[in-house]
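Same order as they appear, the protein sequences are chains A and B. Position 98 of the first sequence, counted from 1, bears residue number 161 in this note's numbering, the numbering being contiguous throughout. Position 5 of the second sequence, counted from 1, bears residue number 68 in this note's numbering, the numbering being contiguous throughout. Glycine included, C-beta positions come from ideal geometry on N, C-alpha and C.
There are 2 protein chains.
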Amino acid sequence: MGEAHGKSVILLSGGMDSVTALHHVLRTGSVAAALSFDYGAKHNRRELEFAALQAQICNVRHIVIPLPFLLDHFQSALLTGGEPIPEGHYEEATMRKTVVPFRNGILLSIAAGVAESLGAKELVIAAHAGDHAIYPDCRPGFLNAMSEAVRLGTYSQIELRRPFVSIDKAAIARRGAELGVDFSKTWSCYVGGPIHCGRCGTCVERREAFLLAGLTDPTDYESLDPLPPKPVNQSHHVDL
Amino acid sequence: MGEAHGKSVILLSGGMDSVTALHHVLRTGSVAAALSFDYGAKHNRRELEFAALQAQICNVRHIVIPLPFLLDHFQSALLTGGEPIPEGHYEEATMRKTVVPFRNGILLSIAAGVAESLGAKELVIAAHAGDHAIYPDCRPGFLNAMSEAVRLGTYSQIELRRPFVSIDKAAIARRGAELGVDFSKTWSCYVGGPIHCGRCGTCVERREAFLLAGLTDPTDYESLDPLPPKPVNQSHHVDL
Chain A
64 MGEAHGKSVI LLSGGMDSVT ALHHVLRTGS VAAALSFDYG AKHNRRELEF
114 AALQAQICNV RHIVIPLPFL LDHFQSALLT GGEPIPEGHY EEATMRKTVV
164 PFRNGILLSI AAGVAESLGA KELVIAAHAG DHAIYPDCRP GFLNAMSEAV
214 RLGTYSQIEL RRPFVSIDKA AIARRGAELG VDFSKTWSCY VGGPIHCGRC
264 GTCVERREAF LLAGLTDPTD YESLDPLPPK PVNQSHHVDL
Chain B
64 MGEAHGKSVI LLSGGMDSVT ALHHVLRTGS VAAALSFDYG AKHNRRELEF
114 AALQAQICNV RHIVIPLPFL LDHFQSALLT GGEPIPEGHY EEATMRKTVV
164 PFRNGILLSI AAGVAESLGA KELVIAAHAG DHAIYPDCRP GFLNAMSEAV
214 RLGTYSQIEL RRPFVSIDKA AIARRGAELG VDFSKTWSCY VGGPIHCGRC
264 GTCVERREAF LLAGLTDPTD YESLDPLPPK PVNQSHHVDL
């Protein structure tokens, strides 16, 4: 992989949180590589296009790690053998399909190995305050333990950095706007069609974020049906 | 992946430690799956043959997870951009090539995801007391933090179990002999030739283990040159 070109490795899904984190980190430091994961899923391919484009815009090296086993060994398993998932509002049915057990552990571990390989000192993840408790690998307790494991398990004691840990998605949208992020070149929708569906869990969350931030949403949605009410237990996966 | 067939998922490299761990765990419990990783490396292919064979002998489901990115993105990186590795005795030059930054974090994370998918409650790794401190992802501190991350990051609070944590490789050999393990059907050699070379770091360690255990070594070695003296800092990676 060659020499280090910066001190951070950042997880970049191509979603609005991680794209904003990339621009945010570049304001104060350098980035050795932006790292994306290719599960082979349809919406993941859409994300990857935007991840690649944003890395190019930022002049940052983009590394895509193929994870063929995730679809082969995990996804169907979750659907047939997983623990019951608490009921939520209807979008969660869509989101559930994309859940991979211990996904954040897997992605952070691989990213830690890449960071160590590149001589980077930090690993950046766009986990934020809106990441809720239903998914165990999104909880702060898990992220703290994983952070410790990454620090202790690497030669250079790599630090896991979570710049957005105390702000929510609307605040991330505002921060992105400040930084001049072109959100029309980010992807959230789990359906993975030609444009955002506007109805799935992540689209609803995206629309809400712009609305709450008081920003114009530049996204082209298939549907602009009224947003559903936010359920008490609404939760989502960390948008990497 | 279907229903759970046992309570443990075990990391099975095909080496003597993990093979003994498989037989050991089966004495007191059931195993949902034995998990191996295919890096595409030559010696890894030899290990995988024996991992598959041992799983078959034990009538345990064997899952091989392909990790093509490890060779693509990690190995050359380590050689050209890694942190300096402390000097040791000459076999370490061979072993160094197989080192993957944060490897145990990556393997344990993927295994945690598989365990959760299969409804298993435990993850078993054959880490032992002879695993020394040069490799950070072999240290007990790392394994404790990782254990916490796995517990907190999974729905079913999967426990990381290390049945051999307080015994060394010679004691593992003795335990294997008690259990009737056919060690001629395990693989250690990093060279990955048709038979064990007898000279590389892992072969030396294997030969020492049988010698110290007072057991006949059933392995066919290319060379039976006298074992080199054990250096003060000798260390090795966890034999998964």
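Chain B within 9 Å of residue i, Cβ atoms only
| i | result |
| --- | --- |
| Ser-81/A | no |
| Gly-103/A | no |
| Gly-256/A | no |
| Val-94/A | no |
| Val-123/A | no |
Chain A contact for residue i (CB, 9 Å cutoff)
| i | result |
| --- | --- |
| His-152/B | Note that His-152/B scores a pLDDT of 40, beneath 50, so its modelled location is shaky; the value from the coordinates is reported in the next line. No, His-152/B lies away from the interface with chain A (no Cβ there is under 9 Å from its Cβ). |
| Leu-130/B | yes |
| Asp-200/B | yes |
| Gly-60/B | Nothing can be reported for residue 60/B: it is not among the residues displayed for chain B, which extend from 64 to 303. |
| Gly-173/B | Looking at the sequence shown, residue 173/B is not Gly but Ile. Yes - at least one Cβ of chain A is within 9 Å of the one on Ile-173/B. |
| Ser-180/B | yes |
| Gly-78/B | no |
Proximal chain A residues relative to residue i, where beta-carbon distance stays under 8 Å
| i | result |
| --- | --- |
| Asn-167/B | Gly-216 |
| Val-163/B | Gly-176 |
Sub-9 Å separation of residue i and residue j beta-carbons
| i | j | result |
| --- | --- | --- |
| Ala-233/A | Ala-95/A | no |
| Leu-133/A | Ile-169/A | yes |
| Asp-80/A | Ala-192/A | no |
| Leu-278/B | Ala-240/B | yes |
| Tyr-218/A | Glu-185/A | no |
| Ile-120/A | Lys-248/A | yes |
| Phe-100/A | Val-127/A | yes |
| Ala-97/A | His-125/A | yes |
| His-106/A | Gly-261/A | no |
| Pro-129/B | Val-177/A | no |
| Gly-216/B | Ala-175/B | yes |
| His-86/B | Val-244/B | yes |
| Ala-49/B | Ala-276/B | Any answer about residue 49/B is impossible in this case: the structure gives chain B only from 64 up to 303. |
| Gly-92/A | Ser-71/A | yes |
| Tyr-253/A | Arg-270/A | no |
| Leu-242/B | Arg-90/B | yes |
| Phe-246/B | Pro-281/B | yes |
Residue i in three-state terms, based on DSSP
| i | result |
| --- | --- |
| Arg-202/B | coil |
| Phe-113/A | helix |
| Ala-190/A | coil |
| Pro-131/B | helix |
| Ala-156/A | Bear in mind that a pLDDT of 49 at Ala-156/A, under 50, signals an unreliable position, so the number given afterwards is only what the model happens to contain. Here Ala-156/A sits in helix by DSSP. |
| Ser-99/A | strand |
| Gly-145/B | Its pLDDT being 39, under 50, Gly-145/B is placed unreliably in this model, and the value from its coordinates should be taken loosely. Correct three-state label for Gly-145/B: coil. |
| Leu-290/B | coil |
| Leu-223/B | strand |
| Leu-242/A | coil |
| Ile-230/B | coil |
| Glu-285/A | coil |
| Leu-75/A | coil |
| Ile-126/B | strand |
| Val-88/B | helix |
| Val-94/A | strand |
| Ser-81/B | helix |
Cβ-based burial, residue i [other Cβ within 10 Å; buried from 16]
| i | result |
| --- | --- |
| Ile-258/A | exposed |
| Asp-194/A | buried |
| Pro-226/A | buried |
| Glu-112/A | exposed |
| Glu-154/A | Interpretation of Glu-154/A is limited by its pLDDT of 42, a score under 50 that renders its predicted location unreliable; the figure taken from the coordinates is listed afterwards. That one is buried. |
| Ser-286/A | exposed |
| Gln-117/B | buried |
| Asp-200/A | buried |
| Ser-210/B | buried |
| Leu-206/A | buried |
| Arg-166/A | buried |
| Ser-229/B | exposed |
| Leu-274/B | exposed |
7 Å Cβ cut-off: residues of chain A touching residue i
| i | result |
| --- | --- |
| Glu-211/B | Ala-208 |
| Gly-204/B | Leu-215 |
Neighbour flag for residue i against chain D, beta carbons, 9 Å
| i | result |
| --- | --- |
| Ser-76/B | The chain labelled as chain D is not found among the protein chains of the depicted structure, namely A and B. |
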